[in-house]
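The next block holds one structure in the form of structure tokens; read it before the comments.
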Amino acid sequence: MSDEQWAQITLLKDSDLKTATASAIRENFRWFWEYTYAGNAKKFFSLWYDWACESELQPIIKVAHMLTQRLRHLLTWFRHHISNGPAEGFNSRIQ
1 MSDEQWAQIT LLKDSDLKTA TASAIRENFR WFWEYTYAGN AKKFFSLWYD WACESELQPI
61 IKVAHMLTQR LRHLLTWFRH HISNGPAEGF NSRIQ
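Take the sequence shown: its position 69, counting from 1, is numbered 69 in the numbering used here, and each next residue is one higher.
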């Protein structure tokens, strides 16, 4: 194989690893909602946030920062167990 072909294979391999990492980080966030107590969810979020930022994947880091800014609102789920999903669905039908 030529050097150019090896470079392409390496680029594809690295791309697949980044995609797999991004997918794993995204999928693991769903465990946030499985906690019963806000304190435990907050600890999970802290670990998840560190993992997301250490990934060095800018789109993942951007989402992690956004979620950090809204963490207080996310944690209200554990106190009230109310979702605005039905209202959002209703609004989308109106539009």
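Backbone N, C-alpha and C define an ideal beta-carbon position, used for all residues, glycine too.
Q. Starting from residue 49 and walking both ways along the alpha helix (DSSP H), at which residues does that stretch end?
A. 38–54
**Q.** Integer-rounded CB distance, given that residue 42 should sit under 8 Å from residue 67
**A.** Going by Cβ atoms, the distance from residue 67 to residue 42 rounds to 12 Å, so no, they are not a contact pair.
Q) Is residue 32 near the ligand ATP, in the sense that its beta carbon is under 7 Å from a heavy atom of that ligand? A) Annotation note on the ligand ATP: not contained in the displayed structure, which lists no ligands.
Q) Rounded C-beta distance between residue 49 and residue 64? I'm assuming under 8 Å. A) 5 Å
**Q.** Other residues of its chain near residue 31: CB distance less than 7 Å, five sequence neighbours each side excluded
**A.** 44
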